[in-house]
Structure formats: C-alpha cells, structure tokens
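Encoded as structure tokens, the structure appears first; notes follow it.
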Amino acid sequence: MPIEIPKDKWPGSIKTVTIGATAAEGGTRAKTITIGGQNTMPFMHFENPISNTPVIALEIKSRKPEDWSALLAEVWGDAMDDPARWAKMAEDSGADLIVLALTLEDEPADAVAATKAVLEASGLPLIVWGPGQSDIDNELLVAVAEATKGERLVLGLCEDSNYRTIVATAMANDHLVIARTPMDVNLAKQLNILITDMGLPAERILMDPTTGALGYGIEYGYSVMERLRLAALQGDGMTQLPMIVTPGFETWKTKEAKVNEGVPAEWGDWLSRSIHWETLTAVSLLESGADIVVLRHPESVSRIKDAISELMMV
Amino acid sequence: MALSGIQIYKLLPQTNCKECGFPTCLAFAMKLAAKQVELAACPYVSDESQAQLAESSAPPIRLVTLKSGEHEAKAGNEVVLFRHEKTFYNKPGLFIRVKASDGAEAISKKVTEADAYKVNYVGMDFTVDGFAVVADGDAASAVKAVRSASKRPIILIGEDASVLDPALAVLEGETALIAAAAESNWETMADLAVRHKAALVVKADNLDTLAEMTVKIKEKGVENLVLDPGGAGMSKTLANSVQLRRLALKNVRELGYPVISYPCKADKPAQEAILAAQAIAKYSGFIVLETFDPAMIYPLLVLRENIYTDPQKPIQVQPGIYEINSPQPDSPVLVTTNFSITYFSVANEVEGSGKPAWLLVTDADGMSVLTAWAAGKFDAERIAKATKEFNLTDKVSKLVIVLPGHVAVLSGELEEELPNWDVKVGPREAVDIPAYLKQAI
C-alpha cells in the first residue's frame, strides 16, 4: 500500500547568522559559526536539506562563581579562577562557542581584560553577557564591545527594559546581540521589532525565548519555541531569528543538580542525575527549535554533541 | 478526522422531526459535532450514515490499553502534532527490559527493584509502567519470574510464536503486548494474539509495508495494534515518528495506532536516556528501556509529566504556607502566587540559598505574579487574608513579610492591612532571591 509521506511546504525560513570573524574578516577567530537557514521544523531532513547544524556553547565566568554546584567546581577545578584557562578547557571539551558571563564585581577594565584573555586563549567565536543588572550590563558591554571591534561577538542580554545601549554599541562595533524575552511569542516578536527599528539588521540578532529546566517549566519554553518556529516558517519575519537557550543555567540552579544533601534516595546518583537533567533539557529544546544550547558541564557537551550529530544524519 | 456540523447534517434525515429533542436536524448536527449528544438520539438515521458517522468519530490514533490486574498502560487517542494545539493525552508507558537468558534470579532482582521504585514530583508519585521480556531462552519461566516480582503489564519480545505461546499462557486474563509481527511471521503472530487476547506490535522498515500489514492483521481479528517503524538512530527515529503522527492525524486509518520505541537498543546508558527523551516528546506510546537507574528514570518521568501537561490549564500548586530549609519563628515570610512555575522558581531559589524562610503561596488562580496583579488576583487584601487563613502568626514571631519586587506598589496598602508587620520589597526575579536573603534579611 503506497503511503505518501506528508511534507510541509513552508513559505518562510530562518535567517542565517554568522558569529565571530576570522583575521580575513576583521577579527581574530580561528573559525566562524553559522546557524539558522532552516525551512523545516527541527531535523525534518525529509522535507528540505538542513545546511547548518545546531551548536553548543559552554558558559564560563569572568570570576570564579561561588554559587555554582560543587559538581561544576569539581570538573572545572582551578581553571575557574582564570577565564583564559577555563575557555581553553571549554574548547578542548568540544564546545563550538564560548559564553563569557561577566559578574557584578567586574569593573569595565576587568570585563575587557577577561574578554581579551578569552579571545587570546581560544579561537572559538565568543558570546559575552552582562551580569543582568541594566546599568552595569551597559557599562561593561560597551567597554567590551569597543575593545573588540570587528570580532562579531554576540552581546547579551537585550531585554525590553534595556536594549538601546547594547544595540547601539553592537552596531558601532560590528557585533551581534541576543534579545531575551520571558517565554512569550508576542513579547519576543516585539523586542525583535524594537531592535531592528534601531537599524541593526536581523542577521545580527539571536533570540532567547527563555526556558525553564526539566521539572521547572521546560514545557512552557518548549511550546513557545515550537510556536516561534512555526510562525517563522509560516512567514512571520520578526520570528525568523535563530534561537539560543540556556539549559545549563536553568539546570544547574535546580535542586536536582545543585545539591545532594537531604534529597530523596529515589533521585539516584547526584552526578549522573545532574548530567541527565542538563542533557534531557537540552535535547528537548533542540528538538523544539534551539540553534544554540548553552551548557555548563563538559560531559553534557559530549553527549549533546553526539545527539546533534545523530540528529543531523540524513 | 471529525466531521463538521454541516457534514454531519448531510448524513441526517433532514426531516426536522424533533424526536431527538432538538428543533431541527441542523441543531442536532451541531450538538453532535460538539460531542454533546449521542447519535442514538436520532431514531431515523440510516445504517449507512450511522457507519460513516461512527467512523468519523473514532479517534485518529487507536487507544491501546495493556492490562494486568489493576495496572494499565494506555497509549493512543492523541489528536495533535504539537502540544500547544490542544494537549497530549496518554503518557507513554516506560517498560524496563529483562532477558529470559539472564535467568530467573537476575530477572527477579531487576524487576523487584524497578517495581518498588516510586518517586514524588510536585506532590505526585511516579512509577515505571511495566516490563518487557525478551524471549531468548525459557520465556515462560522468565515471565513467571517477572510475575513473582511485579503485577505490572508485560511486553513480550520475540519472533517465534511457539516460544511465546507458553509465556503468554502464564499471563492468562491480562492484555499483554506481543512484539512483533513482521512480514515473515505475521500470520502465526496474529493467531497468537487472537488466542491470548493480546495486543500486537506490527513491525516493518517502511511505511508502505507497515500499512499493508496492519490491514491484513486487523482482518485476522487483532484490533489492538502498535507500530514499530524500525530504523536506528535519532534522526531516522524522529522522522518515522513525525511521519506516522502526521499520517494518523490525516486519517490514514491503516497507520492510526500508537508507536513503540526501543531506547534499550542504545550502545550506552548515556545515549539511552537521550533516545528515551526524544521518544517521550515525539509521540511514542510505549518505550522500552534497558537501564533501570533512578538517576535516569526520575528525569525521564519528570519530562513525561512536563510534556503531557495540558498547556491550556497551567498547573497550580496548593495555596498555603510552605516551609523551606526548616524555618524558625524569626525567619522571614516570602509571598508569591500559586502559578506552578512561579512557585517552583521561588521555592527553588530559596531552597538553593540555604536560608530558612516561610513561603506564603496565595490563591491567584494559577497566575504568575505580574499577571495576577494585573488581573486583580494578587493584591494587599488577598495577601493579608492569606496570612490569616493560614494562621501565620501561630508560626512566626518576627513579623517580616517580603513582597515580590514586581509588586512593590502594593507595599503601602499591605502595611495598612498588616499594621504589625514589617513589609519589605524583595527582588523582581526569583534568581536574585539568594543574594537578597543573604544581604537584606
């Protein structure tokens, strides 16, 4: 009985975004990363060829984080004291990109020094995000953006309450931005409109629709991402940006991953559980449309790398 | 696919006899389309129309239920491709695999441990759903070994009907699942399923053959079918399950059955968990796992719960006073709403901070802080009322109450409502709670 495979024909496609610049392109990166370009739902190779692979970023910090899970402190060891060494280790563990998260204690000069040290130590394209407090984010990111003109870094996070300064410095210094909105299709779209209205081309914007970790609201993030991707494929231009999400950040603040004292025996081995938590969160989000997943544990990187290469097999 | 009211109207007598209790046939048709009345209320509908309407009201994916005693594992009855379009209904069963060749002792040990496993998530207890027995040895003894340790439903995996037959005899009175009927053995397997009233997996590595086989097997009298489209690797498995779901929703009846998947075939447990996660999100009805490890099963059970949560109804937590990190009478009271994601974000951060606190969860109809405030479901009056309803002053002596930063505007009113309390304004986002508790409290 001949069965005709139903294939969706989509009028829209995701914008192609390139992160990082090599020496020839005015930067210092050993390679660039290109994401986006799809015109199917995730990994539907039977509908259309998918040219760009989703990628993995590893998150490091400019200063040793005191509140990270002991499991992360253990695996990264002394490298956490030195962003350059940490970045190198992240690269060696298979990451495609580095996320450098600045902290509230950083002065602009510290932020610039940390960024330059990371660029020196690793040839991977770099995402830099502020500590998440508008005035300090702006101060640090402007300094970083100016000191790294032409590198095509990704600066984050632009939010509806604070995006102008970051977008302006990204425009002036040839960088990209991340637009983050709290799990809502319309808010995501609106922020993308505000940012492009300032004159930054859509090809230089990634959107972070925000997710929850497994057990802590992943289903909201999951469905918002599916809806954003469907809207994009249906032709809605302001949703056609590649998506970046942070399963690492979300996972490692859950009780399941963060602590092992006083947790039920049914949760099983701490490390094993935490890696499953991070990888299951990540793989679910990749299958709902993520183009970049930001992780924290190197074992998760290796597993998700395997999963992505399996998913990209035609 | 379900028919519209107009399509149904065309199948009715169109005499407006009113005997169904509705003024016109069209009115009755509309009620039928909305599934608010039964077709039986119409005394004059023709047999032909009746058959057509019954066909159209059947779900696009047949509900298959495995049963043993009071345990059930249900799959099917799904109606959408994406959970936001409506919801996913029947959570896929997680089955732990054992092999007859492992011997009764090893089987009994693994099954006993897995059967006893129970984990609590957000007030709900989760367990595994059953066991899969590979008939690569004395299958009847293996099934007996499983049955001595668990009463949960069984999937029997093998290709030789004569080997499976005595094992199924052990499961008399249950609905087991036999895996699988392939092109080479489908007739004997279909007979076996009929004889033992079992459900049957139909296996083929292309959809054309799969569809042909379900038709033939159904003609033999087996209606409870489950599909195994074969294929290895995440990409192929994903494509298969998406194609099958799409076809079923397009009313290709031959493929309108739940799907079984085998993450147990992964080379290593790391990959098994990821394959199982894909199977959960992408439409499997039955999932066979090799590894029973709480560190893997717990996240899979949580993922399944999350994906199958009805997106139209935000899950709510019970309003009340929650104790975090063993609070004392001088610990602060933090206020939030009963929207699950809000509650869990806040509770999780307070927990992670290591600081003791009382968490006062108010009834805000399951809305987040800002949404509830905008809708008038989270205001000073309601918060004050909650402190009384949950007898906070019996527990707390140092009366410090912390509002979410997003509703700082309520602090003046709350001070009026609770004159003996010290009203503070906390951070806007949950993530900043640990720092706040360390610095400000």
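Chains as they are written, first to last, in our numbering: chain A, 1 to 314; chain B, 315 to 755.
Even for Gly, the Cβ is constructed at its ideal location relative to N, Cα and C.
Predicted, not measured: the structure shown is a model, and the values here were computed from it.
Using a 10 angstroms sphere on the CB of Asp106(A), the tally of other CB atoms reaches 16 or more, which defines it as buried. Segment contact: the stretch 452-469 of chain B against the stretch 617-631 of chain B, fewer than three CB-CB distances shorter than 8 Å; contact not assigned. In chain order, Thr656, Tyr657, Val660, Leu673, Leu674, Val675, Thr676, Val683, Pro718 place their CB closer than 8 Å to the CB of Thr650(B), counting only its own chain and leaving out the 5 sequence neighbours on each side.
Listed in chain order, the positions of the stretch 365-398 of chain B with a beta carbon within less than 8 Å of a beta carbon of chain A are Phe396, Arg397, His398. Asp208(A) carries a strand assignment under DSSP once its states are collapsed to helix, strand and coil.
Against Met44(A), the close residues of chain B are Leu552, Ala553, Val556, in the order they occur along the chain (beta-carbon pairs closer than 9 Å). One Cα belongs to Asn554(B), the other to Pro543(B), and the distance between them is close to 7 Å. For Gln190(A), the three-state secondary structure derived from DSSP is helix. Neighbours of Val283(A) across chain B, judged by C-beta separation under 8 Å: Ile588, Ala591, Gln592.
Residue range 671-676 is occupied by the beta strand (DSSP E) that includes Trp672(B). With its beta carbon at least 7 Å from every one in chain A, Arg567(B) lies outside the interface. With a 10 Å radius around the Cβ and a threshold of 16 neighbouring Cβ atoms, Arg466(B) comes out buried.
Using beta-carbon distances, Ala95(A) does not count as an interface residue toward chain B, since no partner is under 7 Å.
Not a single CB atom of chain B sits nearer than 7 Å to the CB of Asp236(A). With the criterion set as a beta carbon lying under 8 Å from some beta carbon of chain A, the stretch 712-739 of chain B has no members that meet it.
Looking from the CA of His510(B), the closest CA among Lys381(B), Phe653(B), Ser462(B) belongs to Lys381(B). In the same chain as Asp479(B), and ignoring 5 residues on each side of it, the C-beta atoms closer than 7 Å to its own belong to Leu506, in chain order. Look at the stretch 2-23 of chain A: the residues with a C-beta under 8 Å from a C-beta of chain B are Pro2, Ile3, Ile5, Pro6.
Residue-level contact check: Met503(B) does not touch chain A, since none of the beta carbons of chain A fall below 7 Å from its beta carbon. The three-state secondary structure of Arg29(A), taken from DSSP, is coil. The beta-bridge partner set that DSSP reports for Ser382(B) consists of His385(B). Between Met41(A) and the set Lys7(A), Ile56(A), Ala30(A), the nearest pair of CA atoms involves Lys7(A). Annotation: Tyr163(A) has no Cβ neighbours in chain B at a cutoff of 7 Å; minimum Cβ distance is about 17 Å. Within chain B, Tyr431, Lys432, Val433, Asn434, Pro608, Tyr612 have C-beta atoms less than 8 Å from the C-beta of Glu266(A), given in sequence order.
Among the CB atoms of chain A, none fall inside 7 Å of the CB of Ser360(B). For Trp68(A), no chain B residue has a Cβ inside 7 Å of its Cβ, as the nearest lies near 11 Å away. By the neighbour-count definition (other C-beta atoms within 10 Å, threshold 16), Ile244(A) is a buried residue.
In terms of beta-carbon proximity, Arg227(A) lines the interface with chain B, with at least one pair separated by less than 7 Å. Here Val263(A) carries a coil assignment [DSSP, helix/strand/coil]. Three or more beta-carbon pairs separated by less than 8 Å are not found between the stretch 346-364 of chain B and the stretch 561-571 of chain B, which leaves the two stretches without contact. Closest by C-alpha distance to Gly634(B), out of Ala590(B), Tyr576(B), Arg696(B), is Arg696(B).
In terms of Cα proximity to Leu214(A), the closest of Ile469(B), Ile594(B), Val721(B), Leu558(B) is Ile594(B).
In this structure, DSSP gives Asn162(A) an extended state, which the three-state scheme calls strand.
Taking CB atoms only, Ile60(A) has no neighbour in chain B less than 7 Å away.
Non-local C-beta neighbours of Ala512(B) in its own chain, meaning closer than 6 Å and more than five positions away in sequence, comprise Ala490, Ile492, ordered along the chain. Across the structure, Phe704(B) and Gly535(B) are spaced so that their CA atoms are roughly 59 Å apart.
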